[in-house]
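The structure appears right after this line, and notes come after that.
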Amino acid sequence: MSLTSTPIPKIQTKTIIQMNNVWTSYDAKNFALKEITLSVDRGVNYAIVGQSGSGKSTLLKLINGMMHPSRGTIRVDYQTPDITNKKFKKMMAKIGYIPQTLGLVKNLTVLENTLMGALPRINTLNSLFNIFPSNEIDEAHRLLTMVGLENKSKRKAYQLSGGEKRRVAIARALMQKPEILLADEIVSELDRVTSHEIMELIAEAQRRINLTAIMVHHDINLALEYANRVAVIKNGEKILEIGVDGDQIIDFQTGNMTQQEILEMYE
Amino acid sequence: MNPKNNLIIGIIVAVVIAASINIDANPVNFVDGFPKLIKIAEEMTQVDPNLFHIAFSAMFETIQMAIIGTVVGVAIALPLSILAARNLNSKWVYAPLRALLAAIRTFPSILWAILFVIIVGLGPFAGVLAIIMYTIGFVAKLQYEAIEAIDSDPVDAISSIGVSKLQLIRYVVIPESASHLLSQILYMFDYNVRQTSILGLVGAGGIGYYIINYIQFFEYGKATVFMLVVLIVVLVIDLISIKIRDKFIIKSQRGMEMKIK
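In order, the protein sequences belong to chains A and B. The first sequence begins at 32 in the working numbering and counts up by one. The second sequence begins at 6 in the working numbering and counts up by one.
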């Protein structure tokens, strides 16, 4: 969980996501996000916490280009995210996105839902006939084993429990061989044990591949436990950004803080 | 009840009365003619059991026509519905297609049947073509509406991966709208069986040919046999579609209950 132990690959720079003075608006007067400036290093677990309606989900959609800022700049691996831009497609394939509702296709099987993560690198014609290369199918089975769902790979997605659905969504995202994982409150509705299992899965994936995880949480304790960095969003503004190193919490403006102080600010 | 509501009800009643006078709808005629209905009903009870085997073979032809019409119609309607969905296409594609589908729906199937009898001659083939046209018009409309109403979450999640549009259609749009399609196929087959039963009126094959002939010659008892067979078959089809619905549709919709606090 320490910042320094994160391996930094050759050639690639340390920062993968950079936001400068980003504003987004629903209309001329109401801003969902105000003056957001943040940078995310490769391989870290970056948590975004805040109350409902604070603009956390919007922040994720800005990173994968589903939404655009009305002011400010965003760079994801030196590119401006834009889902409609063909040039960004390669990057999109490398960004795993798990919305709060997970976005599983309920009438398809667990295996098919997982394989969808491989679609961008598969010949369109073959994929239309449900023909996947055997190495991709092996990879899907390997990931399903990792998330503990191999015995349910033939089940339809609608037959799964809430925790199992999240595991499928994680397997689908990992199937992309992602560099960035965006997860929107995927453990909020789960019991404690299951949410820790899910968080462990993501931590495990981060250890194996150099994955940058940006996770939106409702529960700040969970964020403090698993994240290297925590940004607190309130009414669309970033009110606090802290680094977490083991038990130590560092506020970059005021120095060390206790968990109690953080919780008080969050309330 | 406020004055505005009273005014609206008053207008509706006035329109109905005015329309009745215009089309010469007189309740007195109905009451005067009522004894005739009793006479017909009495004759209808004198069924001719010898005709049942002819009735069933005619019904068999009707069902075959409905099967071909439904399958071919749906096969054509499905790609059209994808092209006519507003959430998947530019308006240059969907607008003309929707206009075409609306034009197809303007004709009831009996008019399509007359048209095809003129083109391909009397017989079941004209009936099948009529059913295909009718099925295309309706299934394509119902299905593009279903596609436009699919859950946007999987669409967003999968399109953000950077998949091609065809892949998105194959893996999200079609599976997500599949239960609607199944329910429309079942409804359409049921409808087409009943519809085919009357296409015989214009010589387009099926059991309707017998029904109209017997009624024209006032042999109500014989016509009853054929109508009973239609009733039995429609009930059986209804039972089967309830079973299919329970197995495939109800289950998958229960899966939609994502818990939201």
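We put the beta carbon where it would ideally sit given N, CA and C, even for glycine. On a predicted model such as this, the values are computed, not experimentally measured, just so you know.
B/Thr-201 is classed as buried because its beta carbon has at least 16 other beta carbons within 10 Å across all chains shown.
As the crow flies, the alpha-carbon of B/Val-238 is around 16 Å from that of B/Lys-248. Considered as a whole, the region 151 to 210 of chain A harbours 155 to 159, 165 to 177 and 193 to 206 as its complete alpha helix (DSSP H) runs of no fewer than 4 residues, in chain order. Taking a Cβ-Cβ cut-off of 8 Å, the neighbours of B/Val-177 in chain A comprise Val-136, given in sequence order. The three-state secondary structure of A/Arg-73, taken from DSSP, is coil. With respect to chain B, the C-beta atom of A/Gln-207 has a partner C-beta closer than 9 Å. Contact check between the region 76 to 92 of chain B and the region 135 to 153 of chain B: three or more CB pairs, one atom from each, fall below 8 Å, which counts as touching.
Judged by DSSP secondary structure, B/Ser-202 falls within the alpha helix (DSSP H) whose first and last residues are 179 to 204. The beta carbons of A/Lys-87 and A/Asp-215 sit closer together than 9 Å.
For B/Gln-189, the closest Cβ of chain A is not nearer than 9 Å. The alpha carbon of B/Ser-114 has as its nearest neighbour, out of B/Thr-75, B/Leu-102 and B/Glu-66, the alpha carbon of B/Thr-75.
Contact holds between the region 62 to 73 of chain B and the region 123 to 140 of chain B, because three or more Cβ pairs, one in each stretch, are under 8 Å apart. Residues of chain A whose Cβ lies closer than 8 Å to the Cβ of B/Leu-56 do not exist, since the nearest Cβ in that chain is about 46 Å away. Taking C-beta separations shorter than 7 Å and ignoring five residues to either side along the sequence, the partners of A/Met-98 in its chain run Thr-55, Thr-89 and Lys-92, following chain order. Nearest CB-CB separation between A/Glu-167 and chain B: not below the 9 Å threshold. Taking the Cβ atoms as the reference, A/Pro-130 lies roughly 5 Å from B/Ala-162, within the contact range of under 8 Å. Look at the region 27 to 95 of chain B and you find these whole runs of alpha helix (DSSP H), each 4 residues long or longer: 32 to 49 and 57 to 89. The region 69 to 113 of chain A is shown to contain whole beta strand (DSSP E) runs of 3 or more residues at 76 to 80 and 102 to 107, in chain order. Neighbours of B/Glu-181 in chain A, taken as residues at a C-beta separation under 8 Å, are given in chain order as Val-136, Lys-137 and Asn-138.
Annotated three-state conformation of A/Leu-133 is coil, per DSSP. Residue nearest to B/Ile-190 within the set B/Ile-43, B/Phe-253, B/Asp-37 and B/Pro-8 is B/Phe-253 (criterion: CA-CA distance). With contacts defined by Cβ atoms closer than 9 Å, A/Met-177 and A/Leu-205 form a contacting pair. Listed by position along chain B, the residues whose Cβ is nearer than 7 Å to that of A/Lys-269 form an empty set, because the closest Cβ is around 24 Å away. Put simply, the region 184 to 197 of chain A touches the region 216 to 224 of chain A. At least three CB pairs are less than 8 Å apart. The closest CA to that of A/Thr-145, considering only A/Val-199, A/Thr-115, A/Arg-186 and A/Gly-274, is found on A/Val-199. For A/Asn-95, the neighbours in chain B by C-beta distance under 7 Å run, in chain order, Ser-165.
Between B/Arg-110 and B/Phe-143 the beta-carbon gap is near 6 Å, inside 8 Å, which marks them as a contact. Residue range 268 to 276 is occupied by the beta strand (DSSP E) that includes A/Asp-276, with no alpha helix (DSSP H) assigned at that position. Flagged as an interface residue toward chain B: A/Pro-151, by a C-beta distance shorter than 9 Å. Identification of residues in the region 221 to 237 of chain A having a C-beta nearer than 8 Å to some C-beta of chain B yields an empty set. B/Ile-16 and A/Lys-60 have their C-alpha atoms some 46 Å from each other.
For the pair of segments examined, the region 157 to 174 of chain A was found not to touch the region 117 to 128 of chain A: the number of CB pairs separated by less than 8 Å stays below three. DSSP, reduced to helix, strand and coil, places A/Tyr-128 within a strand of the structure shown. Chain A places no beta carbon closer than 9 Å to that of B/Pro-8, leaving this residue out of the contacts. With 16 or more neighbouring CB atoms inside 10 Å of its own CB, A/Arg-73 falls in the buried class.
Relative to the Cα of A/Val-275, the nearest Cα in the group A/Thr-155, A/Asn-241 and A/Ala-258 belongs to A/Ala-258.
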